[in-house]
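Chains as they are written, first to last, in the numbering used here: chain A, 1 to 307; chain B, 1001 to 1126.
Okay, here's the thing in structure tokens:
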């Protein structure tokens, strides 16, 4: 249920898979947004809203767009060697599993599975020595949260990153009311065994290596982007004056800050700079000063609605 | 079909290599860029990083997948094609003009294929 541990396990299995074998790993994450390898998290995820609901920001090592996970979602990872890799077979295994559950799904475009043109499953791929094909299966995902966290104001400037494509989504439960994640898991495993008809082998897990990989996925530098100190520009008219702010974030800390204002107190920008530089951009910022101007500017920094 | 310039050497992981004096220039082949599809992001190492024969030195994200890039030589990076970071699609447009890295102090190389053998190899991949 810990997204960082799950991705660590997935990476470990991708590296450790013996030749001539196929593996299906099924896993779930608690409340989090998972972005693609080369995305800008500030562009894809409303971090503040998500963090206030205890959601976690996560970066995976496959490409593509941002997705929301909660326990209404089941993730699958097909891992095979290069020779036996077939995205089509993997999709067929999923479609067959759903058929057992009275759900008719089809492939759409390159990376989605849909029901009546609405997406319930998004896929991404990694070619290393072995191949990984993983994705989401929405059984009963909180769509309100999904929309809330993945909607980000377009005022933000980010530069060259991979952007997400928005889709209309559907939960499998809307098609088969009685479906549970457990039943879907069972159907997928049966469908997988039917398809490959292979004997089962055991992979011995190196717990230290998993721990190491987990730490790597948890690192702020990895999640927020190593070189991408990111620039934002915001402005707002308050009762006490007009403010224009430019700031940069590095690992979600305010690394640069410029404030221009026509308010009468000319020391305000410098005071704010002294307080805010190198602080994490989150709700704790409110606690450093009670001044109205200060509180207004923190509102501006934190809230998308001001834009 | 695909272009396999005679003057280059190739690997089975679809990189091309050109020797310029003591420096090895590395890129991806026409076959590779076509198999990858539209490339949307390139991650490359930095100058002075070490690379090792048949070990990953970076990766490309295409609309299909993230794929590792394998170094055909062991050595030290002396140049990185930074144009690709701003415009990854250059790899699709002209994979032989748009190299990825240049490597110096080369201590080891893999067994390269010539253009003809590489073409045969690609055609056998279906």
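C-beta: ideal position from N, C-alpha, C; glycine also.
DSSP-derived helix/strand/coil call for residue i
i              : result
residue 1002/B : coil
residue 1122/B : helix
residue 14/A   : helix
residue 52/A   : helix
residue 222/A  : helix
residue 1056/B : strand
residue 271/A  : helix
residue 233/A  : strand
residue 1107/B : strand
residue 394/A  : Any property of residue 394/A remains undetermined from this structure, which presents chain A solely from 1 to 307.
residue 208/A  : helix
residue 199/A  : coil
residue 294/A  : helix
residue 84/A   : helix
residue 1034/B : helix
residue 1064/B : coil
residue 181/A  : helix
residue 1013/B : coil
residue 22/A   : strand
residue 76/A   : strand
residue 94/A   : helix
residue 214/A  : helix
residue 281/A  : coil
residue 156/A  : Only weak support exists for where residue 156/A lies, its pLDDT of 47 falling under 50; the coordinates are left without a value.
residue 244/A  : strand
residue 61/A   : coil
Residue i to residue j span [Cα, whole Å]
i              : j              : result
residue 25/A   : residue 192/A  : 11 Å
residue 59/A   : residue 186/A  : 28 Å
residue 270/A  : residue 233/A  : 18 Å
residue 210/A  : residue 13/A   : 10 Å
residue 87/A   : residue 128/A  : 15 Å
residue 84/A   : residue 259/A  : 57 Å
residue 243/A  : residue 261/A  : 5 Å
residue 149/A  : residue 224/A  : 16 Å
residue 162/A  : residue 235/A  : 26 Å
residue 11/A   : residue 4/A    : 11 Å
residue 49/A   : residue 283/A  : 10 Å
residue 1043/B : residue 267/A  : 43 Å
residue 1101/B : residue 1026/B : 5 Å
residue 109/A  : residue 93/A   : 18 Å
Neighbourhood of residue i by C-beta distance below 8 Å, restricted to the same chain and skipping five residues each side
i             : result
residue 216/A : 8 and 222
residue 220/A : 251 and 252
residue 297/A : 243, 245, 259 and 272
8 Å contact criterion, which residue i and residue j should meet: CB distance rounded
i              : j              : result
residue 38/A   : residue 120/A  : Incorrect: roughly 25 Å between the Cβ atoms, too far for contact.
residue 146/A  : residue 68/A   : 4 Å
residue 51/A   : residue 31/A   : Contact flag wrong, Cβ pair sits at about 10 Å.
residue 1030/B : residue 1095/B : 5 Å
residue 27/A   : residue 75/A   : 5 Å
residue 1065/B : residue 126/A  : 6 Å
residue 73/A   : residue 136/A  : 5 Å
residue 130/A  : residue 202/A  : The Cβ separation is near 17 Å, so there is no contact.
residue 46/A   : residue 151/A  : 6 Å
Residue i classed as buried or exposed, judged by whether at least 16 other C-beta atoms fall within 10 angstroms
i              : result
residue 61/A   : buried
residue 1085/B : exposed
residue 18/A   : exposed
residue 1122/B : buried
residue 254/A  : buried
residue 1006/B : exposed
residue 198/A  : exposed
residue 1046/B : exposed
residue 305/A  : Confidence is the limiting factor: at residue 305/A the pLDDT is only 39, short of 50, which leaves the residue's position unreliable, though a coordinate-based value still follows. The residue in question, residue 305/A, is exposed, as its Cβ has fewer than 16 Cβ neighbours within 10 Å.
residue 1098/B : buried
residue 1001/B : exposed
residue 97/A   : buried
residue 124/A  : buried
residue 263/A  : exposed
residue 1010/B : buried
residue 277/A  : exposed
residue 77/A   : buried
residue 286/A  : exposed
residue 290/A  : exposed
residue 312/A  : The question about residue 312/A has no answer here: the residues shown for chain A are numbered 1 through 307.
residue 33/A   : buried
Neighbourhood of residue i by C-beta, 6 Å cutoff - its chain only, sequence neighbours within 5 removed
i              : result
residue 1063/B : 1037 and 1038
residue 35/A   : 41, 44, 59 and 66
residue 1003/B : 1030
Spatial neighbours of residue i in its chain, beta-carbon cut-off 7 Å, leaving aside the 5 residues before and after
i              : result
residue 1056/B : 1068, 1069 and 1070
residue 1104/B : 1022, 1023, 1075, 1076 and 1078
residue 1092/B : 1033, 1038 and 1039
residue 280/A  : 252 and 253
residue 227/A  : Any answer about residue 227/A is weak, because its pLDDT of 49 lies below 50 and its placement is not dependable; what the coordinates show is given next. Within the same chain, residue 227/A has no close Cβ partners at all.
Cβ-heavy atom distance, residue i to the ligand NAD, below 8 Å
i             : result
residue 195/A : No copy of the ligand NAD appears in this structure; indeed no ligand is present at all.
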